[in-house]
Ligand code: HEM
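In our numbering, the protein residues as written are 593 to 1120.
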């Protein structure tokens, strides 16, 4: 005690002689040092053996945010090697427990409604962008009904109409876009695929009148809505920051536009329409209430946004991967000629089933580049992780990352190789799934929006599982395969340096996508 006083005496004297700025600086460093020491001591001395191991981190609150944020898949794989399939890390001050592997996928994605909750996590981001009373701004049972209404519009009959619409949008895009003038050139492909995705999705799902407005005001408004989805908004969604003000203005303007369209359509009833808005206008909740116009408008925004990021990122990856493997692009061209004839007639929905390599391109790209790398749930009551002694407390967030099992050598030989042929018969790299992925004979369950596979213990789940499973899978497949067909008919792609390299991933937004610029070399098959 005496020695301490001897030491502290002169120190405190020196401290009081410092200017105010220096005193604050020294105080801050002292605070930082003490909190780091306390944080490390707590991790080493106060381990709770009934809770999953915690990824070591120096700083409280920051925890592993930076290493996770820079490259989530690498973070998962490295820590899985250290801690196993179930571990906790600190993400922006919140203890986040990741459950990996097929069992982990099942545990999180098939969690019971009384155990796990998605809306508590996502509402802060989605409600200001989509609007009130839909998706995560309503009880889960209402979302299940909304998903049912949306899914009903995505029928085979509707897809038959969508394929020619998507084909036309793609071909006319390449005809009119300055970057594709001439016989050959170089272009950063992701912004082009983003435009093609929004034009094809808006035209197919929302009709020509809405699509035409994307050439004018709507593209900028949707861009402003998009800005609401930045990760920083998990914390600052409420703040009167410029991008939040623009987000709120865009939400009001776009919703108003949809509501005016609905009013016009109600005034002039149509009998044979197939589009999403028409289906929602004629849907009624179980309690007898007809879906109100503002909810229809907000669901229209939600649908377009849900599909835009994922499909645009996936189509960009597909084009970049084809540029890295021109031989596979040629395989696709040959597949079309063999299956559809050398004159390559206008594509029909039924043709897609005759083009298995085109389907495999989408599957394999989603295996390595699923746009949603982390799926989160709030924990509603202490959760025992089957097969372990761990119980996850309610102050943790639960996280699933099906991308980890999708690139695990246990299930996918040569996991880092983009090999679309692995999904076709007799491939040496065929997936050896511990159990078959959702097949015809698998047990199914209906959460309220149609039958889906009951189990989620599959290593390959790019569209999620359980009550929050994607309803846009078939639409995305139709859209992406049609885009591939049309691009392959028009172009040969290669990397600018003719190498097989593929650009890295940008994890800065909520959806992973290729880093930009991602430039490819294109050449027309026929004289322009
Ligand atoms: C949900 C992936 C395209 C609409 C999901 C989920 C995933 C996913 C992983 C589950 C999220 C969770 O559990 O929290 C994808 C991928 C796509 C795609 C990889 C394209 C390649 C689309 C499209 C639409 C759509 C085109 C609309 C037409 C939805 C909706 C949900 C959903 C409404 C339900 C959200 C919930 O129930 O919480 N999607 N999606 N998706 N997706 Fe997709």
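Backbone N, C-alpha and C define an ideal beta-carbon position, used for all residues, glycine too.
Since we're looking at a predicted model, the values are computed, not measured.
Quiz item: Can you tell me whether residue 625 is buried or exposed, with buried defined as 16 or more other CB within 10 angstroms of its CB?
Solution: Per the 10 Å Cβ criterion, exposed.
Practice problem: At 3 residues or longer, and completely inside the stretch 924–975: list those beta strand (DSSP E) runs for me, N to C. | Solution: Counting only runs of at least 3 residues, the stretch 924–975 fully encloses the following beta strand (DSSP E) elements, listed from N- to C-terminal order: 967–971.
Quiz item: For the alpha helix (DSSP H) that residue 700 lies in, which residues bound it at each end?
Solution: Its alpha helix (DSSP H) spans residues 693–701.
Exercise. If I'm right that residue 782 touches residue 1110 with Cβ under 8 Å, what's the distance once you round it to whole angstroms?
Key: Their Cβ separation, rounded to whole angstroms, is 6 Å, which keeps residue 782 and residue 1110 in contact under 8 Å.
Quiz prompt | Short Cβ contact (8 Å threshold) for residue 1080 with residue 873 | solution = Judged by their CB atoms, residue 1080 and residue 873 are not nearer to each other than the 8 Å cut-off.
Quiz prompt | Identity of the residue in 987, 842, 758 and 1070 nearest residue 955 by Cα | solution = Of 987, 842, 758 and 1070, the smallest CA-CA separation from residue 955 is found for 1070.
Exercise. Run the proximity test for residue 703: is its beta-carbon closer than 7 Å to any non-hydrogen atom belonging to ligand 1?
Key: No.
Quiz prompt | Proximal residues to residue 765 (C-beta, below 6 Å), its chain only, five neighbours per side dropped | solution = Cβ neighbours of residue 765 beyond the five flanking positions: 788.
Quiz item: Where residue 737 and residue 877 are concerned, what is the direct C-alpha to C-alpha distance, given to the nearest angstrom?
Solution: Looking at the two C-alpha atoms, the distance is approximately 7 Å.
Exercise. Compute every distance between the C-beta of residue 857 and the non-hydrogen atoms of ligand 1, then say whether any falls below 7 Å.
Key: Ligand 1 never approaches residue 857 closely enough for any of its heavy atoms to be under 7 Å from the residue's Cβ.
Quiz item: Going by the C-beta, is residue 952 closer than 7 Å to any heavy atom of ligand 3?
Solution: Absent from the structure shown: ligand 3. Ligands present: ligand 1.
Exercise. Over the uninterrupted beta strand (DSSP E) stretch that includes residue 776, give me the two end residues.
Key: 776–780 is the extent of the beta strand (DSSP E) around residue 776.
Exercise. Note down the Cα distance separating residue 700 from residue 967, rounded to an integer number of angstroms.
Key: Spanning the two alpha carbons is a distance of roughly 9 Å.
Quiz prompt | Under the three-state DSSP convention, the category residue 615 falls into | solution = Three-state result, residue 615: helix.
Quiz prompt | Contacts around residue 1001, its chain only, beta-carbon distance under 6 Å, and the 5 residues preceding and following it disregarded | solution = Excluding positions up to five away in sequence, the list reads 1007.
Quiz item: alpha helix (DSSP H) containing residue 758: first to last residue?
Solution: Annotation: the continuous alpha helix (DSSP H) that includes residue 758 extends over 748–768.
Quiz item: Where does residue 989 sit, in a helix, a strand or coil, going by DSSP?
Solution: For residue 989, the secondary structure class from DSSP, reduced to helix, strand or coil, is strand.
Self-check item: Start-to-end residues for the beta strand (DSSP E) that takes in residue 1125
Solution: Lying outside 593 to 1120, the shown extent of the chain, residue 1125 is not represented and no answer is given.
Practice problem: Taking 8 Å as the cut-off, decide whether the C-beta atoms of residue 836 and residue 820 are in contact. | Solution: Their beta carbons are under 8 Å apart, which means residue 836 touches residue 820 by this criterion.
Quiz item: Taking just the CA atoms, how far does residue 917 sit from residue 803?
Solution: Spanning the two alpha carbons is a distance of roughly 33 Å.
Exercise. Give me the Cα-Cα distance between residue 817 and residue 846, rounded to the nearest whole angstrom.
Key: Looking at the two C-alpha atoms, the distance is approximately 9 Å.
Quiz item: What are the boundary residues of the beta strand (DSSP E) that residue 1008 is part of?
Solution: Counting along the chain, residue 1008 falls outside any beta strand (DSSP E), and DSSP gives it neither H nor E.
Self-check item: Separation of residue 691 from residue 990, as counted between CA atoms
Solution: Spanning the alpha carbons of residue 990 and residue 691 requires a straight line of approximately 8 Å.
Quiz item: If we ignore side chains and look at the alpha-carbon of each, how far apart do residue 762 and residue 798 end up?
Solution: Their backbone Cα atoms lie some 17 Å apart in a straight line.
Quiz item: In its own chain, which residues sit with a C-beta less than 7 Å from the C-beta of residue 755, not counting the 5 before and 5 after it?
Solution: If we look at residue 755 and ignore the five residues flanking it on each side, its Cβ neighbours are 939, 940, 941, 1070 and 1074.
Quiz item: If you count every other CB in all the chains shown that lies within 10 Å of the CB of residue 1015, and 16 or more means buried, which is it?
Solution: Buried: at least 16 other Cβ atoms inside 10 Å.
Quiz item: Is any heavy atom of ligand 1 found at a distance shorter than 7 Å from the C-beta of residue 1074?
Solution: Residue 1074 Cβ: outside cutoff for every heavy atom of ligand 1.
Practice problem: Starting from residue 1113, follow its DSSP beta bridges and name the residues at the other end. | Solution: Paired residues: 778 and 1086.
Quiz item: Any idea if residue 987 is buried or exposed, counting beta-carbon neighbours within 10 angstroms, 16 or more meaning buried?
Solution: It is exposed - the Cβ of residue 987 has fewer than 16 other Cβ atoms within 10 Å.
Quiz item: Going straight from the alpha carbon of residue 833 to that of residue 620, what length do you get?
Solution: When rounded, the separation of the alpha-carbon atoms in residue 833 and residue 620 is 28 Å.
Quiz item: Going by other Cβ atoms of all chains shown within 10 Å of its Cβ, with 16 needed for buried, is residue 610 buried or exposed?
Solution: Answer is exposed; the Cβ neighbour count stays below 16.
Quiz prompt | Close Cβ partners of residue 710 (< 6 Å) along its chain, the five nearest in sequence each way excluded | solution = Cβ neighbours of residue 710 beyond the five flanking positions: 969 and 1060.
Quiz prompt | The beta strand (DSSP E) enclosing residue 682, as first and last residue numbers | solution = Its beta strand (DSSP E) spans residues 678–683.
Quiz item: On the premise that residue 697 lies in contact with residue 1009, defined as a C-beta separation below 8 Å, what is that separation, rounded to the nearest angstrom?
Solution: That pair is no contact at about 22 Å.
Practice problem: Starting from residue 686, follow its DSSP beta bridges and name the residues at the other end. | Solution: DSSP lists 683 as partners of residue 686.
Quiz item: When you compare each of 1114, 1076, 653 and 741 to residue 866 by their alpha carbons, which one comes out closest?
Solution: Cα-wise, what sits closest to residue 866 is 741.
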